[in-house]
Amino acid sequence: MRRSQASPTKVAILQTVNLHLLVFGLGCIYGMTGATLIDLGEGYSTTSTTVSFIITTRGLGSILLCLLAGTVFRFFNMQQVMILSLIVLAIGEGATPLLGSLTACHICTFLVGGGIGLVEAGLNFWIFAIWKEKSGPIFQLLNFCSGFGGVASPLLAAPFLKAVEIPVNVSMAEPPETGIPLPAEVTRVFIPYLMVGGVFAVAAILFIASFVMDRSNIGVSDAEANDSCCSRRLQQLMIANFCFYALANVSLEQTYVSMLALFVVQHLGFSKSNSVYLSAVFWTFFTASRVVATIASFKMSPHSMLVVSHALVLLPAGAMCLFVESATEVIWICTAVLGFGASPLFPSSFTHLQQYVHLSQSHSAMIMMCVCIGAMLPPVLVGPFIDDRPIAFVYVIFALAVLSATAFVTSLILKQGKGMRPSMMRKQSPSGVAEETSSDTKTKSVRL
347 MRRSQASPTK VAILQTVNLH LLVFGLGCIY GMTGATLIDL GEGYSTTSTT VSFIITTRGL
407 GSILLCLLAG TVFRFFNMQQ VMILSLIVLA IGEGATPLLG SLTACHICTF LVGGGIGLVE
467 AGLNFWIFAI WKEKSGPIFQ LLNFCSGFGG VASPLLAAPF LKAVEIPVNV SMAEPPETGI
527 PLPAEVTRVF IPYLMVGGVF AVAAILFIAS FVMDRSNIGV SDAEANDSCC SRRLQQLMIA
587 NFCFYALANV SLEQTYVSML ALFVVQHLGF SKSNSVYLSA VFWTFFTASR VVATIASFKM
647 SPHSMLVVSH ALVLLPAGAM CLFVESATEV IWICTAVLGF GASPLFPSSF THLQQYVHLS
707 QSHSAMIMMC VCIGAMLPPV LVGPFIDDRP IAFVYVIFAL AVLSATAFVT SLILKQGKGM
767 RPSMMRKQSP SGVAEETSSD TKTKSVRL
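If you count by this note's numbering, then the sequence shown holds residues 347 to 794, one letter each, in order.
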């Protein structure tokens, strides 16, 4: 195709900045939903448990488009697909609380999920096509931007949530016969959703500018040789185990951030504003952990980082089962520790897998599909219990933490006596993400 005269370096930098803005927006989506479920339920005249199933609908859209992404990118220009996906995300996310019908909301969030599936699949190709063997730190920065979006969105939503009505006893009689509620307040939850939609609109404009500068398609060769020291059957077992591991980890992360606000409001008596601040605490420590993990990876192997991370997840998950009702400080501390421990799990485990297994594009698509399945499970795992038995929330979190740790131990057993791939021993990025040499052109997968 015809290319403009823009400097390739400038185009690469602009595209990289655009992708980071896009990932920031994705983090905002994940952080916003859990923080606003109560107001969304009120807006659609239903329970927060019922409206929480839009998370499942969004996950179904992501799964479908993840499965179709390879075909879509084979026949259409990736830049054009990303632009259209961003337009869908901008309109769909902005319209989520404004549709008047819960059915229409499910349709809208399904389209949003489809856009998420396409852009998450596409950005993996895109980043590696631009930076190749230097892409490791870029992937770490992408994860940081996703976490930062998760921090920002609950704080952005907090001022616009509807305050809980408090009865005021004016007669001083005991018990009060009647109460005068504070003035009725209409939720303004649509405002932060429109703001997040605006993030995607800006990203779409920047991607259009990038496309005008360079209209060439984005492509990555899949010609890397399989240099694994493991048998084909063992590689398949490792990949299957990692798919389960990814599903458990993402389910844990998304269940916690999506259902935390409902749990603390309904079971611990938190105000809605405090519940979103608690969600922000999770994302703050989740994001800070990315920075610490990057620095720690100079001295620690992925295996060592995973041992520490799993300990930091299991400890607060178990503590909440025992002490969450004893003091409000418990949930604040455990949320911070769990967020800090959960953050490095996926990138470190993915690096650990790469050291022994050659991943093709089809394997990466399978992993991303499991990630999407994990993201859609929170309403299924906790939704049926959150109203009648909200304490089930902490038991589900602990069960997911145990399943994740079990899959990690299984991965250690499977690799016993096996050597690392030669290509993984040639170069290791300081971010802790194994990189190939410039001749290697394998597509990477990243959890956002």
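For every residue, glycine included, the Cβ atom is placed at its ideal position computed from N, Cα and C. Keep in mind it's a predicted model, so treat the numbers as computed, not measured.
Span of the alpha helix (DSSP H) around residue i
i, result
"G389", "P354 to G389"
"A547", "F536 to M559"
"G440", "M424 to A441"
"E675", "T674 to A688"
"H613", "Looking at the DSSP string, H613 is not in any alpha helix (DSSP H), and its letter there is neither H nor E."
"S408", "I400 to F421"
"S879", "Because the chain spans 347 through 794 in this model, residue 879 falls outside it and cannot be assessed."
"L658", "P648 to F669"
"P724", "P724 to L727"
"S394", "S394 to V397"
Alpha-carbon spacing of residue i relative to residue j, whole angstroms
i, j, result
"N587", "M712", "12 Å"
"T601", "S353", "44 Å"
"T630", "L593", "23 Å"
"L658", "K508", "34 Å"
"V434", "G544", "12 Å"
"R636", "P648", "13 Å"
"A751", "I551", "43 Å"
"V740", "V670", "8 Å"
"T395", "C716", "24 Å"
"L383", "S577", "47 Å"
"F609", "I737", "8 Å"
"F818", "L540", "With the chain represented from 347 up to 794, any question about residue 818 goes unanswered, as that position is not in the structure."
"G687", "N595", "11 Å"
"S643", "T697", "11 Å"
"A415", "F421", "10 Å"
"K618", "A381", "8 Å"
"V683", "I585", "29 Å"
"V548", "G389", "27 Å"
7 Å Cβ shell around residue i - same chain, five flanking residues per side excluded
i, result
"L386", "V397, P443 and V535"
"I484", "T362, I473 and W477"
"A747", "L598, V659, L660 and A663"
"T379", "I401 and S604"
"V728", "T601, M605, A738, F739 and V742"
"I537", "F506"
Proximal residues to residue i (C-beta, below 6 Å), its chain only, five neighbours per side dropped
i, result
"F399", "P725"
"T524", "The predicted position of T524 is uncertain, since its pLDDT is 44 and thus under 50; a value taken from the coordinates is nonetheless stated next. Hits under 6 Å: none found."
"T449", "none"
"G685", "F628, F631 and F632"
"A626", "V497, P500 and L501"
"G438", "C454, L457 and V458"
"S694", "P648, M651 and L652"
"D733", "T395"
"A639", "P690"
"G765", "C575"
"A441", "C454"
"S621", "A607, V610 and V611"
"G720", "L593, V596 and S597"
Minimum Cβ-Cβ distance from residue i to chain B less than 7 Å
i, result
"Y623", "Looking at the structure shown, chain B is missing, and only one protein chain is on hand."
Same chain, Cβ closer than 8 Å to residue i, five either side skipped, listed in chain order
i, result
"T355", "none"
"I677", "V610, L614, L624, M666 and V670"
Proximity test, residue i beta-carbon vs the ligand ZN heavy atom, cut-off 6 Å
i, result
"P736", "Although the ligand ZN was asked about, the structure shown includes no ligands whatsoever."
Three-pair Cβ contact test at 8 Å for the stretch 366-383 versus the stretch 482-501: yes
Complete runs of the alpha helix (DSSP H) confined to the stretch 471-508 [at least 4 residues]: As far as the stretch 471-508 is concerned, its whole alpha helix (DSSP H) runs of at least 4 residues are 481-503.
Contiguous alpha helix (DSSP H) assignments of at least 4 residues, all confined to the stretch 692-753: You should have 707-722 and 724-727.
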